[in-house]
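What follows is a short report on a single structure.
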Amino acid sequence: TSCAGPAYIAEVAPASIRGAMVGLYQSNICLAIVGASVLNYFDHDLASGWRWSLAVQVILGVATAGGLLFVKDTPRFLESVGRSGEALKVLSSLRNGDEGSAARELAMVRAELEEERRVGSATWSELLFDPYFRNLVALGCFFQFFQIITGINAVVSFGGTLFSTLGIHGLASALLPSVAFVVGNSIGSFILVDRVGRRTLLIFGMVGMAVAMLVGGSVVLATRQLDASGAERLPAAAGYVVIATIFAYMFSFGVSWGFGAWLYVSEIMPLRVRGKAVGLCTGVNWGTNVITAFVAPALIAGPAGPGGMLMFFGVMSAVVVPFTVFCTPETRAKTLEEITPMFRFATCHDFVQFVRGNLRTGEGMGAIASKAAGAHCGKDAPENSDISTVDTSPTC
540 TSCAGPAYIA EVAPASIRGA MVGLYQSNIC LAIVGASVLN YFDHDLASGW RWSLAVQVIL
600 GVATAGGLLF VKDTPRFLES VGRSGEALKV LSSLRNGDEG SAARELAMVR AELEEERRVG
660 SATWSELLFD PYFRNLVALG CFFQFFQIIT GINAVVSFGG TLFSTLGIHG LASALLPSVA
720 FVVGNSIGSF ILVDRVGRRT LLIFGMVGMA VAMLVGGSVV LATRQLDASG AERLPAAAGY
780 VVIATIFAYM FSFGVSWGFG AWLYVSEIMP LRVRGKAVGL CTGVNWGTNV ITAFVAPALI
840 AGPAGPGGML MFFGVMSAVV VPFTVFCTPE TRAKTLEEIT PMFRFATCHD FVQFVRGNLR
900 TGEGMGAIAS KAAGAHCGKD APENSDISTV DTSPTC
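Count along the sequence shown from 1, add 539, and you get the number used in my numbering.
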């Protein structure tokens with residue numbers, strides 16, 4: 540579901556609310572994390588507590604599987620297998636019965652599918668070795684890698700251990716970070732993402748994450764004390780500051796990268812490679828989860844303790860900020876077909892132009908593509924024109 544869910548939503552949602560729809564998907568995950576925190580807090584001392592936790596997962600999993608039986612295929616998929624009438628019917632139902640708007644949108648989908656059929660379906664070798672596709676997939680993999688390596692799952696999974704090691708206990712410390720996640724995700728996905736845009740949220744969200752982690756880590760390292768038993772403890776005031784910084788970190792993540800990375804990766808991949816590309820990026824996400832699952836407890840138990848863990852993820856977050864500034868074109872309110880030209884870079888020279896486009900207008904290669912389209916207005920397109928066509932300059 541972590542792969543198919545965002546991809547499905549990106550294909551069926553109108554461009555104007557696509558961000559909110561992916562945010563709703565992420566909000567359900569946030570609410571589940573809060574529910575799991577409450578359940579685990581109350582049953583962790585019970586002999587059969589682990590059975591209750593597993594039972595809830597089984598029940599909800601069965602309910603979700605049953606609900607999926609009523610989910611229709613996406614209009615893009617239906618059109619790709621020749622079921623145009625059904626595709627128009629499904630798309631019209633998703634657009635409040637506006638058949639005119641649905642027909643125009645389906646025409647754009649049909650044009651892209653025809654181009655895909657002309658040049659053939661992308662293979663794994665093409666995905667990895669064609670410069671255009673390879674660079675775009677690499678960009679998507681970086682987004683998923685950075686979403687996790689900046690510490691979110693480490694905080695969610697080992698937050699209890701972190702607070703316990705610092706002598707911070709109670710239901711509030713267990714719930715507040717997850718509540719901040721839900722609040723941030725709700726504000727970001729339902730209010731901000733389709734108003735201020737993806738690029739702004741991703742940049743400032745990562746800045747907030749970096750500042751929160753670095754401040755929290757600095758406070759822990761500066762104020763930690765050892766009690767009579769040799770366990771690490773914090774003064775009460777420092778403990779409140781750490782809780783506040785974790786709250787700020789979770790809010791910043793929820794309002795931006797929590798749903799934003801999934802949304803962005805689903806948006807930027809051309810239809811021809813979307814399934815394989817999103818699947819590969821999701822694999823990177825889960826692979827990074829495995830890395831942080833080993834890194835986080837090692838950092839907590841290391842010489843610098845919990846403060847070292849916070850500082851590590853704060854530094855990682857700070858490193859991601861320039862990447863986001865340089866490599867994130869704005870995709871707000873654009874159709875998936877309009878987004879494709881913004882990422883049409885294959886050579887090192889193209890990449891430089893891509894970065895300059897982001898710094899100047901936030902459009903990546905979009906402005907260059909628009910100029911090229913204007914220059915060829917009224918001329919016949921080259922016979923072998925394709926989104927994967929590249930020049931012979933040195934590739935990146």
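Even glycine gets a Cβ: it sits at the ideal position worked out from N, Cα and C.
Residue range of the alpha helix (DSSP H) that includes residue i
i: I807; result: 796-807
i: N674; result: 670-688
i: G727; result: No alpha helix (DSSP H) contains G727, which DSSP labels as neither H nor E.
i: N824; result: 813-840
i: G605; result: 588-607
i: I548; result: 543-551
i: R615; result: 614-619
i: V610; result: Run containing V610: none; DSSP gives neither H nor E here.
i: I878; result: 875-878
i: E625; result: 623-633
Residues of its chain near residue i, where Cβ-Cβ distance is below 7 Å and the 5 sequence neighbours each way are ignored
i: F672; result: A661, E665, L666, V812, S927
i: V746; result: V860
i: A571; result: none
i: L715; result: I782, F786
i: M748; result: T689, Y788, S791, F792, S856
Opposing strand residues paired with residue i [DSSP bridges]
i: L849; result: Partner(s): none; L849 has no beta bridge.
i: R772; result: Q764
Environment of residue i [buried if 16+ CB atoms lie within 10 Å]
i: G841; result: exposed
i: P545; result: buried
i: A832; result: exposed
i: Q596; result: exposed
i: E638; result: exposed
i: S856; result: buried
i: A816; result: buried
i: W796; result: buried
i: I598; result: exposed
i: N824; result: buried
i: G624; result: exposed
i: D584; result: exposed
i: V551; result: buried
i: N567; result: exposed
i: C617; result: For the record, residue 617 in the displayed sequence is Leu; it is not Cys. Buried.
i: G905; result: buried
i: S632; result: exposed
i: F697; result: buried
i: T613; result: buried
Residues of its chain near residue i, where Cβ-Cβ distance is below 8 Å and the 5 sequence neighbours each way are ignored
i: S640; result: R634
i: G903; result: P868, M881, F882, F884, F893, G896, N897
i: R557; result: I548, A549, D733, L802, E806
i: G562; result: N724, S725, G727, S728, F729, V732, F798, L802
i: T874; result: A554, E644, M647
i: S924; result: Low confidence applies to S924: its pLDDT is 40, below 50, so where it sits in the model is not reliable enough to give any reading.
i: F865; result: V894, N897, L898
i: L678; result: I807, C866, F882
Residues near residue i by beta carbon distance below 6 Å, same chain, minus five either side
i: P774; result: T762
i: T867; result: R738, L741
i: T784; result: A751, V754, G755
i: G846; result: G756, V759, L760
i: F685; result: V859
i: C569; result: F720, V721, N724
i: W591; result: D582
i: P921; result: In this prediction, P921 has a pLDDT of 45, which is less than 50 and means its spatial position is unreliable; nothing more can be read from the coordinates.
i: T863; result: L741, I742, M745
i: A777; result: V758, T762
i: M560; result: I548, A552
i: L810; result: E651
Proximity test, residue i beta-carbon vs the ligand MN heavy atom, cut-off 7 Å
i: L678; result: What this structure holds is no ligand at all, so the ligand MN is not there to describe.
8 Å contact criterion, which residue i and residue j should meet: CB distance rounded
i: D582; j: G574; result: So it is not a contact: roughly 12 Å between Cβ atoms.
i: E877; j: E651; result: At roughly 11 Å, the Cβ-Cβ gap does not stay under 8 Å, so E877 and E651 are not in contact.
i: N692; j: N579; result: Wrong, their Cβ atoms sit about 16 Å apart, outside the cutoff.
i: S576; j: S717; result: 5 Å
i: L701; j: I839; result: 6 Å
i: R615; j: G736; result: Contact doesn't hold; Cβ gap of about 24 Å is too wide.
i: A835; j: M848; result: 6 Å
i: V804; j: F682; result: 6 Å
i: A530; j: L627; result: Residue 530 is absent from the model: the chain starts at 540 and stops at 935.
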